[in-house]
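What follows is a short report on a single structure.
There are 4 protein chains.
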Amino acid sequence: MIAVLKHGTTPEQTQYLVQWLARMNLDVHISEGAEVTVLGLIGDTSRVDMELLGSLEIVDSVKRVSEPFKQANRKFHPNDTVVQVGDAKIGGGNFAMIAGPCSVESEEQIIEVATAVKASGAHILRGGAFKPRTSPYAFQGMKGDGIKLLLEAKKATGLPIITEIMNISTLDLFEDVDIIQVGARNMQNFDLLKELGKTKKPILLKRGLANTLQELLMSAEYIMSEGNENIILCERGIRTFETCTRNTLDLSAVPVLHELTHLPVMVDPSHATGKAKLVAPMAVAAAASGADGIMIEVHNNPSCALCDGAQSLTPAQFDALNKKVNAVREALV
Amino acid sequence: MIAVLKHGTTPEQTQYLVQWLARMNLDVHISEGAEVTVLGLIGDTSRVDMELLGSLEIVDSVKRVSEPFKQANRKFHPNDTVVQVGDAKIGGGNFAMIAGPCSVESEEQIIEVATAVKASGAHILRGGAFKPRTSPYAFQGMKGDGIKLLLEAKKATGLPIITEIMNISTLDLFEDVDIIQVGARNMQNFDLLKELGKTKKPILLKRGLANTLQELLMSAEYIMSEGNENIILCERGIRTFETCTRNTLDLSAVPVLHELTHLPVMVDPSHATGKAKLVAPMAVAAAASGADGIMIEVHNNPSCALCDGAQSLTPAQFDALNKKVNAVREALV
Amino acid sequence: MIAVLKHGTTPEQTQYLVQWLARMNLDVHISEGAEVTVLGLIGDTSRVDMELLGSLEIVDSVKRVSEPFKQANRKFHPNDTVVQVGDAKIGGGNFAMIAGPCSVESEEQIIEVATAVKASGAHILRGGAFKPRTSPYAFQGMKGDGIKLLLEAKKATGLPIITEIMNISTLDLFEDVDIIQVGARNMQNFDLLKELGKTKKPILLKRGLANTLQELLMSAEYIMSEGNENIILCERGIRTFETCTRNTLDLSAVPVLHELTHLPVMVDPSHATGKAKLVAPMAVAAAASGADGIMIEVHNNPSCALCDGAQSLTPAQFDALNKKVNAVREALV
Amino acid sequence: MIAVLKHGTTPEQTQYLVQWLARMNLDVHISEGAEVTVLGLIGDTSRVDMELLGSLEIVDSVKRVSEPFKQANRKFHPNDTVVQVGDAKIGGGNFAMIAGPCSVESEEQIIEVATAVKASGAHILRGGAFKPRTSPYAFQGMKGDGIKLLLEAKKATGLPIITEIMNISTLDLFEDVDIIQVGARNMQNFDLLKELGKTKKPILLKRGLANTLQELLMSAEYIMSEGNENIILCERGIRTFETCTRNTLDLSAVPVLHELTHLPVMVDPSHATGKAKLVAPMAVAAAASGADGIMIEVHNNPSCALCDGAQSLTPAQFDALNKKVNAVREALV
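Protein sequences appear in the order of chains E, L, C and Y. Residue 9 is where the first sequence starts when you use this note's numbering, and the numbers rise one by one after that. Residue 9 is where the second sequence starts when you use this note's numbering, and the numbers rise one by one after that. Residue 9 is where the third sequence starts when you use this note's numbering, and the numbers rise one by one after that. Residue 9 is where the fourth sequence starts when you use this note's numbering, and the numbers rise one by one after that.
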């Protein structure tokens, strides 16, 4: 971390600041230039409050030289992390297609969809049991019963399953779930992240609608700092001024994250765009950008889906999409 | 709710849709125009999934005529809600000044600040015990001990207290807290909102960094739908592209919310701007815009604050600010 | 266009409004429902000021049923527009790769780059002569001399050329330029658009940093309304809160625009990302999303480029990128 | 400017970079720390391309210590600039109220509004003659005839006038206009700014919808670098995700700009909010935040205004607003 002192700072003021920094166990390297004095802070600067330091009367500005995330940082862990669930691997060159309905609605529905997406080549089954909804009056999911139906579908098809957790008090229900999803709205529910860090379950962590990629990595760091390194990051669209799509899918996140972290990166084009017609082109683009997996909403009868039907594909549309994704991935080998 | 059907929709298709809507207990009024057919949906449309309806092949677009929030809606509750804690009243012409440190750090600190802000005219004491921090390595607050110290300060000064909850499992610790704060990152932690709805405690609900005002009202609706109507809304800045301020304080939110809802509306200029120099002008502007209260960070030694020192005022600065706020409020009577 | 009247509107008020609308040559179809009265406006509603209509005391809300752009609208022109310059075609299944330096710097530089990108398969040469720069103290381009050097490079390689116009007073200098570019900052310089509409030159119109796709189409409409239909739209990133990339490339714009308009759609990943490392994955993703062309900055010595070197590729990197783009396009046929 | 070199940079590489910087007439002060080497660049760094420097292989990051704007910078010009037109002064403690219709529509209209707003205490008359409209089919203003009518109103009332320029070719028509306005969409029309810099007319420069405050100052710098120092900055709302208001009024811009620059800062709450009901509270808040002036749309018959009627006040509403603004300003003396 580097702190630039203002022109006119006295040696006494500089000395006072150096002592204050020393009390945080930081070594300080002072460089006096013609116009400015620069302090180089050496040691564990991840605990230093940059805003506070920057607000001091004599400090012009502060700049981090090292990133504040450690365990998620590729610099300290150059090899790709590979997350494995059942036969599916995600990361390190391994690609996973996750598919399934927005919400689990009935045994018939989930098994029909699971069978169809497996036949098309999906590796993992998704399905919402606990549903975060903007309105308290909207359908909130089948909850525990939904998880039971997912487990039936897993038994029937052999597909590992992923479903979202909203509240740590329901963790017991997720015992046989293969991947626990943290939704965009909970990306900075730090207490939830810490509790999930104490499990060994693979966690799919979705980027919040207004969160930077660095904040996403800091949230991954919350989970990892408690001991769980099985994390998959997921880009699912950010909030912008554009209204033609529900959110703006930020595909640059894929190569940016691959440079910053060793964790696998997936893309969810269904929630990002909110429109079935846009899912296929964005899924193919995500594969081309280097994503380690894609997550697609598929419903056997999209126009009757209890939620998010607007963005669900039919099994036939998913089958066509999956072929295109595979073709693009092969072309880029 | 109004649904516009596409040009060329057949009578059979229209009929099919009308029956589908009827199964949701909605009456449908059909109006056939030269270019389009318009369906007027009558009944409880708050449960209708607009996106799903809009995604149907024959539907061009869907528009709500009534807002999806009910209990928070001024249309159904024209009189201002007044939240009372101790001697302080918020809303309906009553103004409250909340002041105190970002984090509770020690008994000495919190009592010193509480005494100072009371002397300047503050009505309520704030202080963070559980702190949501972007980094798992940053100071996370004194937690339960912090609440105990706040209660000491309450005893010493008589000021009611407000502090933030991050996790419903800690609710017992808030028994003697006067107002429970839900932070911006938890605005859509729906399970937390529902649990707080089961208490009778006043809740200060902060707007999320990327949440619309309608979403804020839907989150208030989550709390109200469980029976708790003691809600104070709080604007604290939204995330934009501008980097001179930490967030962009959206003061238009004050008159917009006053029109849409009967709930009181406060403003937090400290977190919005992130810079002590900007707090006073934005606090005065907030008062001028019609806010029912303002929330200010005050620290007896800002440059040593354990968090957010960059935006804290000294007690003397707070005293000057409070005088200006009062002068503006009197000028606008 | 549909106007929803407020509950409680009197017949006299409705009649007054209908007469006001009739004076704009609109027929009005009145539909009285149980809760609301809906007016269907029939005729040329592109001239109606939606905001004004919506602000009237008795009007609850207004909604367009038809888009406000006409000549750019696919509904009225279902077949893809194909823009041809020299041997290169853009749109209707034809793909064009545009490559070249950010700025023209010297004859040697532009001919060297042009020769290299042609050898790699580029169809059109780009190069900035007039440069919009945030700072008046930054290099503003070689201006007219830059265009002369581009024409030299065109003569040497046979590649058609594209370069940006900033001021209609310089139009004469663009006589032999094949495509005139309108930059993001001029997307709503309506006087410039109108003047370009009077030429027959192909125009590449870049999306503004904070402009919606509908606004982009309205700007295309400005050019088309003056008689020039040779327009290529270009997505180049929008401004968001994310700071890892210069802007956020909105690839969903490609399929969204293809649905709304018959005009070809290109993507500029160099300006969007601002970082050379991200250009290749985003170019490949753009091709996968269905773009009709891609625009890439290539420099023979990126670290010495007079501007935007940070995002330029070397000729060798461009060659590798172009192979990948072609492979993806072939895989998706 | 400070450049941080990556760990592992060799002395030869450092030396090469230092020589490259020397060729730009910069002195370099090298500071070698344990973890990083920091280069302090001394001299005129406003011409250095930060992005290019930051993209070099051995450079970790670059940071400006001094702002890139010079003539607009308060550091080099501590006293407030005061712009005077007729009897009205703006800046340095002088406050100006600008009022008038969005568009000039007729002699009767503009003189009636001018007379009314003058009676209420307005200092300057506004009125659009050239209107930037998103749609080519919308009313584009009375152009030259509109300016003539504004001059009639000036003669009748004695109020100085302000109106917008869209195209430098119309400059002659502005000879008797007192303040020339540059609209938000032209804030980065650099050629227009340069030409206006060659006049001595006061310029009101509106912030672009997606432009940072630093970019606004750089655009002011374009005008000033050509010799015109009579500039008034104007905040008029930025584009965000919120849809309750047309744009989000960023009132923090007022104190931020006052710290960074000596130029006066006005606020336009009419365009920012787009709704008449919100104009008064935001105008009062703007005054409280320290604005040097406010710009309000007033129309004698808002529901018939040819454009932007939705946000216009009646003369009576303006009169009430102006009284409140004055009361707040007096309270804060």
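Glycine included, every Cβ here is placed at the ideal spot set by N, Cα and C.
Asked: Distance, E/D199 Cα to L/K285 Cα; Found: 33 Å
Asked: Whole runs of the alpha helix (DSSP H) within the segment 226-286 of chain L, excluding any shorter than 4 residues; Found: 261-268 and 277-281
Asked: Cβ of L/M226 within 9 Å of any chain Y Cβ; Found: no
Asked: Contact set for L/E120: own chain, Cβ-Cβ below 7 Å, skip 5 residues either direction; Found: N308
Asked: Test: Y/F138 CB closer than 9 Å to a CB of chain E; Found: no
Asked: Where C/E120 meets chain E, residues with beta-carbon distance less than 7 Å; Found: Neighbours of C/E120 on chain E: none; closest Cβ ~28 Å, over 7 Å.
Asked: Test: Y/D199 CB closer than 9 Å to a CB of chain C; Found: yes
Asked: Buried versus exposed, by CB contacts within 10 Å (16 or more), Y/P86; Found: exposed
Asked: Rounded separation between E/E267 and Y/V264 - CA only; Found: 35 Å
Asked: Coil, strand or helix - E/S54 by DSSP; Found: helix
Asked: Bridge-paired residues (DSSP) for Y/E172; Found: Y/Q189
Asked: Cβ contact check for the segment 276-293 of chain Y and the segment 220-238 of chain Y: 3 or more pairs under 8 Å; Found: no
Asked: Spatial neighbours of C/K151 in its chain, beta-carbon cut-off 7 Å, leaving aside the 5 residues before and after; Found: A137 and F138
Asked: Beta-bridge pairing of L/D35 - partner residues as DSSP gives them; Found: L/I50
Asked: Contact check, L/R254 vs L/T281, beta carbons under 9 Å; Found: yes
Asked: Coil, strand or helix - Y/N102 by DSSP; Found: strand
Asked: With 16 other Cβ atoms within 10 Å as the buried cut-off, status of Y/R134; Found: buried
Asked: Beta-ladder partner(s) of C/V306, from DSSP; Found: C/L321
Asked: Proximity test, Cβ basis, 9 Å: Y/M303 and chain C; Found: no
Asked: E/I74 in three-state terms, based on DSSP; Found: The amino acid occupying residue 74 of chain E in the given sequence is Ser; Ile does not appear at that position. Reduced to three states, the DSSP call for E/S74 is coil.
Asked: Contact set for E/L189: own chain, Cβ-Cβ below 6 Å, skip 5 residues either direction; Found: Per the sequence presented here, residue 189 of chain E reads as Gln, with Leu not at that position. So the qualifying residues of the chain are I170, E172 and L212.
Asked: Element boundaries [beta strand (DSSP E), containing Y/K214]; Found: I211 to K214
Asked: Residue environment, L/D186, which counts as buried when at least 16 other CB atoms sit within 10 Å; Found: buried
Asked: Where the beta strand (DSSP E) through C/Q148 begins and ends; Found: Segment: none, C/Q148 is in no beta strand (DSSP E) and carries neither H nor E.
Asked: Cβ-Cβ separation, E/S128 to E/P323 (assumed contact under 8 Å), whole Å; Found: 7 Å
Asked: Integer-rounded CB distance, given that Y/G205 should sit under 8 Å from Y/N236; Found: 5 Å
Asked: Contact between the segment 241-253 of chain E and the segment 243-258 of chain Y (3+ Cβ pairs under 8 Å); Found: yes
Asked: Same chain, Cβ closer than 6 Å to L/Q325, neighbours up to 5 away in sequence not counted; Found: none
Asked: Inter-stretch contact at 8 Å, needing at least 3 Cβ pairs: the segment 99-113 of chain C / the segment 45-53 of chain C; Found: no
Asked: Between the CA atoms of L/G191 and E/V306 - distance to the nearest angstrom; Found: 35 Å
Asked: Residues near Y/A30 by beta carbon distance below 8 Å, same chain, minus five either side; Found: V36
Asked: Start-end ranges of the alpha helix (DSSP H) lying completely within the segment 108-168 of chain L, minimum 4 residues; Found: 115-128 and 152-165
Asked: Neighbour-count burial assignment, E/V333, 16 or more Cβ in a 10 Å radius; Found: buried
Asked: Supposed contact pair L/I132 and L/V93 - C-beta distance, whole angstroms, cut 8 Å; Found: 7 Å
Asked: Whole-angstrom distance between Y/D258 and L/S297, CA atom to CA atom; Found: 13 Å
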